Amino acid sequence: MSVSTHGLRLRTGSQALRAAVELLSSMRFAIALLTVICIASVIGTVLKQQEPINNYINQFGPFWAQVFRSARLDTIYSAWWFLLILAFLVVSTSLCIARNTPRIMSDLRSYKEDLRVQGLKAFGLRAETVLAESPDAAANRIGQQLVGGGWKVKLQKRETTGAPAGWMVAARAGGANKLGYIAAHGAIVLICLGGLLDGDLIVRAQTWLGGKSVYTGGGMIADVPAQHRLAPTNPTFRGNILVPEGAQSSVAILNQADGVLLQELPFAIELKKFIVDYYATGMPKLFASEVVLHDRATGETKNARIEVNHPASWKGVEIYQSSFDDGGSRVKLRAVPMGAAAKPFEVEGTIGTSTELTNGKDKLTLEYTALRVINVENFAGANGGSGADVRKVDLVGSLESRLGAAHKVDKPKELRNIGPSIGYKLRDAAGQAREYQNYMVPTVMEEGAPPVFLLGVREQPDQPFRYLRVPADDEMGLAGFTRLREALADPAVRAQAVDRYVAQAIGPDRPEQAQQLRASALRAIGLFAGAEQLQGGTARADGGNASGWQAIAEFIDQQVPEAERERAGQILVRVVNDVLFELLNLSRTQAGQAPLPHDDKSQAWLTQAVLSLSDAAFYPAPVALMLTDFTQVQASVFQVARAPGKSVVYLGCLLLIVGIFAMLYVRERRLWVWLAPRADGTGAEASMALSVNRRGLDTDKEFHRLRERLLGLSPADTPSSAETPSR
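Quick note: the sequence shown, position 680, residue 680 per this note's numbering, numbers continuous.
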């Protein structure tokens with residue numbers, strides 16, 4: 001009983017093994033794997049890879065961001081399941097090749113000369129005739145003609161009892177068609193192996209088996225412990241390295257799903273000079289790096305120039321020009337108060353660092369994020385009519401940018417370089433941050449309008465910047481706007497401006513009307529300044545009362561009957577503008593400047609200033625930091641890679657091209673000619689048949705040429721004596 005049970009277990013195990021091999025080597029299994037790989041590749045193309053988790057949260061929300069991270073959809077090409085599928089595809093295709101190659105090679109060596117004579121009549125392409133030659137002579141002649149035509153030929157003499165011997169001429173051509181099958185499947189194996197070699201498989205193996213671990217902290221690269229660093233002899237890697245001008249670096253960063261690994265290079269890259277050239281659109285036309293490579297073991301140096309699509313190679317490592325970045329530019333900023341409690345100050349810093357600021361009891365962290373020396377913008381169709389609404393206004397209309405292609409109308413571009421800009425973040429104690437982008441010099445948005453400083457802000461990285469437009473004063477600065485804002489916040493100066501306005505509008509002979517107008521003007525300018533509190537009014541960004549035109553509109557909605565709102569609004573707008581003009585001249589007088597005349601230029605400046613004052617209440621920061629000076633330091637971002645699988649992939653691509661070409665354009669053909677002696681002993685009876693794996697028009701033409709060359713049959717011969725017509 002035990003022997004029988006043991007034998008049953010052996011048979012069951014062998015059957016399971018055969019079933020597993022059968023499944024792995026089947027075409028349906030390979031197609032299923034390829035389908036999954038294609039779907040994963042589409043996801044990897046649509047979904048940006050290796051982005052910070054916050055970017056996915058901002059775009060898709062916390063739930064889907066966590067789903068993407070759990071399924072490794074943000075790093076598909078290095079995900080364990082993707083590499084496992086590639087490994088299964090290698091095994092499946094290799095088993096398929098192993099199973100079919102012996103049969104294919106055997107078929108290539110076989111001429112099938114033992115085919116029965118009666119079997120020739122079953123072929124669609126066949127012909128019969130009588131030759132004047134003997135079977136021996138005809139067989140030799142036909143064999144030589146076929147060899148001369150590129151066929152491989154084998155002659156078989158068949159003895160028949162009591163009758164002269166007959167000859168079977170068997171020939172084959174186009175065997176490369178079957179070799180194309182092996183080449184194409186072998187190409188898939190090579191490409192997948194190259195992908196596994198150049199992927200994260202070897203790097204992951206070092207974290208699994210080599211005692212290495214992913215680094216999740218921060219700080220300086222030099223302080224990262226050895227267990228997070230890979231040796232210079234690492235056989236395969238692909239990472240990024242940033243090198244500022246005048247500095248050198250020898251450590252690349254390999255991004256992983258949950259952190260980074262540091263890759264030590266066998267040499268150091270020193271950036272001597274970074275070169276960048278721009279198109280008229282502001283897009284980079286050329287960026288290149290002149291570098292010196294220093295061997296860390298021998299001290300040997302090598303000069304190289306690295307451009308896009310023109311990498312440098314040394315010590316088995318390819319160095320590609322990936323992009324460029326700021327290398328630690330030094331900037332000087334001046335704080336322009338945007339709230340009543342803020343005070344002006346100056347601060348200096350370096351791009352990539354941060355500074356602590358104090359806003360009353362609150363602590364803010366100023367993070368210097370970017371310095372852009374060139375900013376080319378398209379001003380065609382710029383929305384300049386709405387002034388400086390920080391809630392809505394951008395450099396160009398946002399509506400048209402979101403309409404479909406059918407709406408697009410070719411408009412002439414108006415490209416202008418509007419000078420340097422500083423990008424920074426203000427982060428509160430809770431870790432929440434807003435991003436700002438302020439331009440250094442004022443910009444003329446439209447003809448006839450005063451130049452304005454653009455102060456950009458956005459809440460999330462995936463949002464566009466919204467710009468507050470602050471008019472520049474006579475000296476092309478912000479002092480005029482700042483003085484006007486301070487004067488508006490001072491009740492005594494507001495009252496003085498109202499008195500001047502009333503004196504010009506009423507005169508001294510109508511004291512009662514002057515008193516009424518004074519009270520109304522004080523109320524109106526107080527609402528605009530945010531000094532008046534409205535029931536249920538909109539709060540400002542700093543938590544104070546509603547101000548600006550928003551407060552005027554809310555006052556009209558609450559206090560004025562609906563039928564009189566339009567007229568009341570026109571009166572209040574005129575009163576506020578006139579009082580603000582007096583307020584402007586008072587601020588200029590206090591600064592030792594001459595008052596502005598009542599002309600179009602002054603009115604245009606005041607109009608923009610009033611809009612800026614109104615919308616400044618929604619500016620979500622106590623100060624706007626303006627760039628006053630900078631020292632630019634540029635840096636190159638290189639991609640460094642050691643990719644031994646690259647040559648394997650290239651070989652696989654070559655084999656794939658050859659294999660597909662052979663399978664699609666090479667036709668396998670087999671030809672048989674049976675030559676038997678005639679009954680009267682004169683000549684030979686010939687029967688010919690042709691077999692092809694894919695029949696087409698060229699097949700019929702080739703058969704006609706063969707029967708004419710080999711059997712001497714012309715197209716005029718009747719089907720009864722020549723070929724059987726094909727269906």
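Glycine residues also receive a C-beta, built at the ideal position from the N, C-alpha and C atoms. In this text the structure is predicted, and so the values were computed from the model without any measurement.
With respect to L468, G456 sits close: the two C-beta atoms are nearer than 9 Å.
Counting only unbroken stretches of 4 or more residues, the alpha helix (DSSP H) elements lying wholly within the region 144-204 are 176-198, in sequence order.
Secondary structure at G526: helix, using DSSP grouped into helix, strand and coil. DSSP places E128 in the uninterrupted beta strand (DSSP E) bounded by L125 to L131. Beta-bridge analysis with DSSP links M688 to A127 and V673. Separation of the CB atoms of P595 and T589 is rounded to 6 Å, and the pair is thereby assigned contact status at 8 Å.
Per DSSP, reduced to three states, the secondary structure at I319 is strand. The beta-bridge partner set that DSSP reports for P52 is empty. Taking the CA atoms as reference points, A252 sits about 45 Å from A616. Taken atom to atom, the span from the alpha-carbon of A20 to that of S92 is near 11 Å. Judged by their CB atoms, V130 and M168 are not nearer to each other than the 9 Å cut-off. Contact between the region 304-312 and the region 326-334 is absent, with fewer than three C-beta pairs closer than 8 Å.
Residue state for D223 is assigned as helix, using DSSP reduced to three classes. Residue environment: T699 is assigned as buried (16 or more neighbouring CB atoms within 10 Å of its CB, all protein chains considered).
DSSP lists R642 as the bridge partner or partners of F237.
Sixteen is the threshold: since fewer than 16 other Cβ atoms of the shown chains lie within 10 Å of the Cβ of T682, the residue is exposed. Cβ neighbours of L262 within its own chain (closer than 8 Å, five residues either side excluded): Y215, I221, V224, H228, R229, L230, V251, A252, I253 and L254. T358 is bridged by DSSP to K363. Excluding residues up to 5 positions away in sequence, P164, A165, G166, W167, L675, A676, P677 and A684 lie with their Cβ nearer than 8 Å to the Cβ of P135 in the same chain. Take the alpha-carbon of D490 and the one of E564: they are about 31 Å apart. Ranked by how close their Cα comes to the Cα of M626, the residues Q460, L478 and G431 have L478 in first place. Shown here, H598 sits in coil according to DSSP, grouped into three states, outside any helix or strand.
Beta-bridge partners of A546 (DSSP): none assigned. DSSP, reduced to helix, strand and coil, places S70 within a helical segment of the structure shown. Burial of L690 is indicated by the presence of at least 16 other C-beta atoms within 10 angstroms of its C-beta. A straight-line Cα-Cα distance of about 6 Å links R669 and R172.
Residue state for D700 is assigned as helix, using DSSP reduced to three classes.
By the C-beta criterion, the region 344-362 is judged not to be in contact with the region 641-655, since fewer than 3 inter-stretch pairs fall below 8 Å.
With contacts defined as CB atoms closer than 9 Å, V498 and V579 qualify as a contacting pair. Burial check for A524: the Cβ neighbour count within 10 Å reaches 16 or more, so the residue is buried.
In the three-state scheme derived from DSSP, where H, G and I count as helix and E and B as strand, Q513 is classed as helix.
Residue range A479 to A489 is occupied by the alpha helix (DSSP H) that includes T482. Counting the other CB atoms within 10 Å of its CB gives I269 a total of 16 or more, which places it among the buried residues. In this structure, L697 keeps its C-beta atom at 9 Å or more from the C-beta atom of L671. In this structure, P471 lies near Q608, with their beta-carbon atoms less than 9 Å apart. Listed in chain order, the non-local C-beta contacts of A487 below 7 Å within the same chain comprise V493, L583, L586 and S587, local neighbours out to five positions each way being set aside.
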